[in-house]
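Numbering (the UniProt record's numbering), first residue to last: 1 to 481.
No residue lacks a Cβ here, since even glycine has one placed at the ideal position from N, Cα and C.
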Amino acid sequence: KRKALDIATKRAILTELSQGAKNCELVKKYGVCKSTISTILKNKEKIISADANTTERKRLRRATYADVEDALLKWFVDARARNIPVSGPMMLAKAKDFAFLLDFPDFCPGNGWLHRFKVRHGIVFKSIVGEAASASDQDVASWLEANRNTISSYAERDVYNADETALFYQMLPEKTHAMKGDTCAGGKHSKVRVTALLCTNMDGSDRRVPFVIGKSKKPRCFRGYVPVRYRHNAKAWMTRDLFVEWLREFDHDMHKQGRRVLLVVDNCSAHHVQASLTAVALLFLPPNTTSKVQPLDLGIIRAFKSYYRRRVVERLLIAVDRPAANLPLRVTLYSALEMLKASWTEVTATCVRNCFRKAGFVDAGPDAEPEAPEEDRSGGDLWQRVVDSDLGERDICWDDFITADDDADTAEPCTDEGIVNEVRGKSDSEESDDDGDETLEPATTSVPVAIGYIDSLRQLVYAKGLGEEHAAALNKLETAL
Numbered sequence: 001k002r003k004a005l006d007i008a009t010k011r012a013i014l015t016e017l018s019q020g021a022k023n024c025e026l027v028k029k030y031g032v033c034k035s036t037i038s039t040i041l042k043n044k045e046k047i048i049s050a051d052a053n054t055t056e057r058k059r060l061r062r063a064t065y066a067d068v069e070d071a072l073l074k075w076f077v078d079a080r081a082r083n084i085p086v087s088g089p090m091m092l093a094k095a096k097d098f099a100f101l102l103d104f105p106d107f108c109p110g111n112g113w114l115h116r117f118k119v120r121h122g123i124v125f126k127s128i129v130g131e132a133a134s135a136s137d138q139d140v141a142s143w144l145e146a147n148r149n150t151i152s153s154y155a156e157r158d159v160y161n162a163d164e165t166a167l168f169y170q171m172l173p174e175k176t177h178a179m180k181g182d183t184c185a186g187g188k189h190s191k192v193r194v195t196a197l198l199c200t201n202m203d204g205s206d207r208r209v210p211f212v213i214g215k216s217k218k219p220r221c222f223r224g225y226v227p228v229r230y231r232h233n234a235k236a237w238m239t240r241d242l243f244v245e246w247l248r249e250f251d252h253d254m255h256k257q258g259r260r261v262l263l264v265v266d267n268c269s270a271h272h273v274q275a276s277l278t279a280v281a282l283l284f285l286p287p288n289t290t291s292k293v294q295p296l297d298l299g300i301i302r303a304f305k306s307y308y309r310r311r312v313v314e315r316l317l318i319a320v321d322r323p324a325a326n327l328p329l330r331v332t333l334y335s336a337l338e339m340l341k342a343s344w345t346e347v348t349a350t351c352v353r354n355c356f357r358k359a360g361f362v363d364a365g366p367d368a369e370p371e372a373p374e375e376d377r378s379g380g381d382l383w384q385r386v387v388d389s390d391l392g393e394r395d396i397c398w399d400d401f402i403t404a405d406d407d408a409d410t411a412e413p414c415t416d417e418g419i420v421n422e423v424r425g426k427s428d429s430e431e432s433d434d435d436g437d438e439t440l441e442p443a444t445t446s447v448p449v450a451i452g453y454i455d456s457l458r459q460l461v462y463a464k465g466l467g468e469e470h471a472a473a474l475n476k477l478e479t480a481l
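As structure tokens, this is what we get:
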């Protein structure tokens, strides 16, 4: 009798094949014939891309009214991510709405169709306790207790947290008041903002290269090397497709290193994706709890932004105080990405560990003292110079400048129209090559001139007593040129 294998087993066979297992070994191990292994290999892409919640199913047949199902599933995932209770009648009504929008006016789903839909996608209705808009300390404690063993089963270097943050990269002190608290709904301010996905592990030893989303497809200020992973869409925010791209790259890197890691993310609808992962296990935070239990939100992002704002202010003050330096008063996208990367690198491992501990990922013990968030100590002094130079408003403080973009949206709100466009493979907004910068492409410096600059910097390093490691770095750069 022919043996039917479920999708999970087929994926396991594909994994073993990729690791060098021979067909004859798998035939014996799984009790199937050679033609079954060949068929699995032939359908590799379909098996890998199958819904992650349907691994017990044995067939990959496409459902009738598949577009309606895809739309309804996206709506359901978003509703549960926002802790909105969902019932059978609600889903049937929503299915009819999507059928109409997708040009299936005669589609009339019933309980039988809904049952098959739930089975296909592994959906189980569960009661939701509490209000959608808030989560109590008890909710946080319950989640931590329920996942304590999972988290502790990984080494600290193998527990990661990823989160998006908006950055008004061109914002100068004088614009703080106008932009502070703006949610950027509908992609507002997309020309002067980016969304950065930051990711780090628990011990701070691996702060991943930032994944940055801007508005422009090919910014004029880009030339050659880009210091971050850069992607684009017209509203400069995270989407499911972009998160899948980043997640698969992360998974591939971990697999290549021979590691198995845990990635903790919040319940943003853009994070609920169907992606076959070999080295990364996803763990979702409960809705509306990021300010209490997400390490990046407990001081890491703030430290990163304080370092970025300090760099902006330093450049502004040099441009004003020393015109001969010929520094522009505006921040281009390229210079923003350079400062963004440098600021993320500057966040210390100590800061990262403290924030994971504060989130409850590490048992600090009853006598542990709470750690103050890492701050850029020079920021306050710099801000006073800004105020004294009339470059900023006096009723705005350094903290306001750091947190001005904290409330800006980082992912597209889920709407019926957006879901339908996504299902049809369309974009609800056009992409732009305009980065909003009037500056031309930066001129390339010749090697002899660059070496002269390096020599001047080396003399400055010695004059300031900055340490031999800085001079060594300049020597290495000079040799490379």
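Nearest-angstrom beta carbon gap, residue j and residue i [assumed within contact, 8 Å]
i: K217; j: A236; result: That pair is no contact at about 12 Å.
i: W113; j: K94; result: Not confirmed; about 13 Å, so no contact.
i: L340; j: A196; result: 6 Å
i: A99; j: V119; result: Between V119 and A99 the Cβ distance is about 20 Å, and since that is not below 8 Å, they are no contact.
i: V331; j: Y169; result: 6 Å
i: A155; j: L263; result: Between L263 and A155 the Cβ distance is about 14 Å, and since that is not below 8 Å, they are no contact.
Rounded C-alpha distance that separates residue i from residue j
i: V212; j: F243; result: 11 Å
i: V293; j: R148; result: 13 Å
i: P210; j: E314; result: 22 Å
i: A342; j: H255; result: 27 Å
i: C397; j: L337; result: 25 Å
i: D78; j: R157; result: 31 Å
i: L296; j: R259; result: 22 Å
i: residue 509; j: E145; result: The question about residue 509 has no answer here: the residues shown for the chain are numbered 1 through 481.
i: Q384; j: L316; result: 13 Å
i: A12; j: K29; result: 12 Å
i: N23; j: L277; result: 23 Å
i: I151; j: S446; result: 52 Å
i: V312; j: T479; result: 30 Å
i: V461; j: L198; result: 32 Å
i: I402; j: G379; result: 10 Å
i: G299; j: Q257; result: 29 Å
i: R229; j: S335; result: 14 Å
i: F356; j: A275; result: 26 Å
i: A471; j: Y453; result: 13 Å
i: E16; j: S35; result: 17 Å
i: Y308; j: V420; result: 38 Å
For residue i, three-class secondary structure by DSSP
i: R309; result: helix
i: D399; result: helix
i: D163; result: strand
i: R350; result: Per the sequence shown, residue 350 should be read as Thr rather than Arg. T350: helix per DSSP, three-state reduction.
i: C355; result: helix
i: Y230; result: strand
i: M238; result: strand
i: A21; result: coil
i: K464; result: helix
i: L382; result: helix
i: S446; result: coil
i: V244; result: helix
Closest residue to residue i among the options (Cα-Cα distance)
i: S153; options: T410, A473, V362 and I396; result: V362
i: A281; options: L298, S269 and L247; result: L247
i: A408; options: V194, D137 and T150; result: V194
i: E164; options: R302, R357, D400 and D416; result: R302
i: T200; options: N354, G110 and L167; result: N354
i: W344; options: R310, N111 and L101; result: R310
i: D6; options: I40, C33, P413 and S18; result: I40
Other residues of its chain near residue i: CB distance less than 7 Å, five sequence neighbours each side excluded
i: L73; result: H121
i: I451; result: E478 and L481
i: K44; result: L14
i: A279; result: D251, M254, H255, R259, R260 and V261
Own chain, CB closer than 8 Å to residue i, minus 5 neighbours either side, in chain order
i: V86; result: F76, A79, R80 and F125
i: S205; result: R157 and A349
i: residue 483; result: In the structure displayed, the chain extends from 1 to 481; residue 483 sits before or after that span and is not available.
Cut-off 6 Å between Cβ atoms - residues of its own chain near residue i, not counting five sequence neighbours on either side
i: A411; result: W237, M238, C268 and A270
i: V423; result: D67, D70 and A71
Contact test: residue i Cβ vs the ligand NAD heavy atom, cutoff 6 Å
i: P219; result: Because no ligand of any kind appears in the structure shown, any question about the ligand NAD cannot be addressed here.
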